[in-house]
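Numbering of the sequence shown is given in the working numbering, commencing with residue 615 and proceeding in unit increments. These notes are about the structure you will find just below.
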Amino acid sequence: MTEPLLDIAGLSLEFPTFRGPVQALTDVSLSVGPGEIAGLVGESGCGKSVTTMVATRLLPEGRYRITSGRIRLFGRDPMTMSEGDLQEMRGSQVSTIFQEPMNALNPTLRVGRQITEVILRHQRMSKTQAAARARELLADMQIADPDGVMRAYPFELSGGMRQRVLIAMAFSCNPKLIIADEPTTALDVTVQALILQLIRGRARKTGTAVIFISHDMAVISQLCDRITVMYAGRVVERGATADVLRHPQHPYTRALLRCLPERAAHKEPLEAIPGTVPSLIEPPAGCLFRPRCPEAVEACGATPPFFTPAPRHDVACWRRRELVP
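As structure tokens, this is what we get:
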């Protein structure tokens, strides 16, 4: 069996605050193997980005505490790696595409220099070869004038163009794993579709694995082989994309699917999920979705384990058999 590139098992993490610790992650397990495109979906603040940031040790040191679980990134524990080893791994083996490219790109440097610096840091190339590689990557991103973009500053480019620059930069050193953290959120639908196409096409072409983070189930469904659904710092459902979309087992997953705008095209009423996400400083006992769940019963006052209603499809819900036909 192929070893996963990233393997997170039973991870719990908290942030200390003056009001008490915020339980940001509770018993989170996630893995992605070579060539897979795995989706991580849930409301803002549910722990999606925290999960991947702690795995690559991008969270500020000393601002969080891991209380249980383990992380293996390419078979190594990132928590015990030296800063030099981490720097070498980031970019060459794992890269991140961030949500807001203006925050990720240096506004004072031309785009070409920023891409070539990444290539020169991790690849044995001359400056001329690195520049040629950068132009090739930008052309692969369906940019008509790669040389013009190379000469431009980030503020001279549109949002969609800047995002394509980030994708090119992420793939520049042929990493084995890409973490795409909400890269389409601020883009219009047409540009969003292009970005998804570029990520999927490049990943398939190079065999790169992708963890795609989003709050949008429609975006996840277009791109991913597998889906992991998170709520309030916990995984509530995971499985193959087709299985989760056709046979959602958890009430929260079904609620997310009922909120999809595509339902309006079929003249079906859009629904909102009532209530708010519970406090993670003083979370309720049992299933954290219970206060918002119309299907909750007394048994939901206890934390549900994972059940497996179908092969490679897990759900943390006491009522999964009663609620699914």
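The beta carbon of each residue, even a glycine, is placed where N, CA and C say it ideally should be.
Using a C-beta cut-off of 8 angstroms, the segment 795-811 makes no contact with the segment 623-636, since fewer than three inter-stretch Cβ pairs fall below that distance. Contact annotation, Arg738 with Ser786: C-beta distance approximately 14 angstroms; criterion of less than 8 angstroms not satisfied. Boundaries of the beta strand (DSSP E) harbouring Leu639: 636-646, taken from the DSSP string. Straight through space, the alpha carbons of Ala832 and Asn788 are spaced by roughly 28 angstroms. About 24 angstroms separates the CB atoms of Gly705 and Leu625; that is not less than 8 angstroms, and the two are not in contact. Fully contained in the segment 713-745 are the following alpha helix (DSSP H) runs of length 4 or more, in chain order: 715-718, 725-736.
Residues of the same chain with a CB within less than 7 angstroms of the CB of Val911, apart from the 5 flanking positions on each side, are Arg933 in chain order. In the three-state reduction of the DSSP assignment, Glu628 falls in the strand class, which pools E and B.
Shown here, Ala794 sits in a strand according to DSSP, grouped into three states. In the assembly as shown, Met764 is a buried residue. Its beta-carbon has 16 or more other beta-carbons within 10 Å. Assignment of beta-bridge partners to Leu620 by DSSP yields Val646, Leu687.
Val655 is a Cβ neighbour of Ile841, given a cutoff of 9 angstroms. Only residues of its own chain outside the window of five on either side were considered, and among them Asp621 have a CB closer than 7 angstroms to the CB of Arg686, listed in chain order. Inter-residue distance for Ala718 and Phe712 is about 7 angstroms (C-alpha atoms, whole angstroms). Runs of alpha helix (DSSP H) with 4 or more residues, each lying fully within the segment 778-859, are found at 803-820, 831-837, listed in chain order.
Distance from the Cα of Gly661 is smallest, within the candidate group Ala924, Val843, Gly847, Gly900, for Gly847. Measuring C-alpha to C-alpha distances from Phe920 to each of Glu851, Leu672, Arg677, Pro862 identifies Glu851 as the nearest. Put simply, of Ser663, Cys838, Tyr866, Ala800 the residue whose alpha carbon is nearest the alpha carbon of Gly889 is Tyr866. Inclusion of Pro918 and Cys901 in the CB contact set at 9 angstroms is warranted, their separation being smaller than that value. Residue burial annotation: Ser893 is exposed, with fewer than 16 other C-beta atoms found within 10 angstroms of its C-beta. Leu874 sits away from Leu619, with the two beta carbons spaced by 9 angstroms or more. Within its own chain, the residues whose Cβ lies closer than 7 angstroms to the Cβ of Val732, once the five positions on either side in sequence are excluded, are Gly705, Met783, Ser786, Cys787, listed in chain order.
Assignment of beta-bridge partners to Gly653 by DSSP yields Phe826, Ile841.
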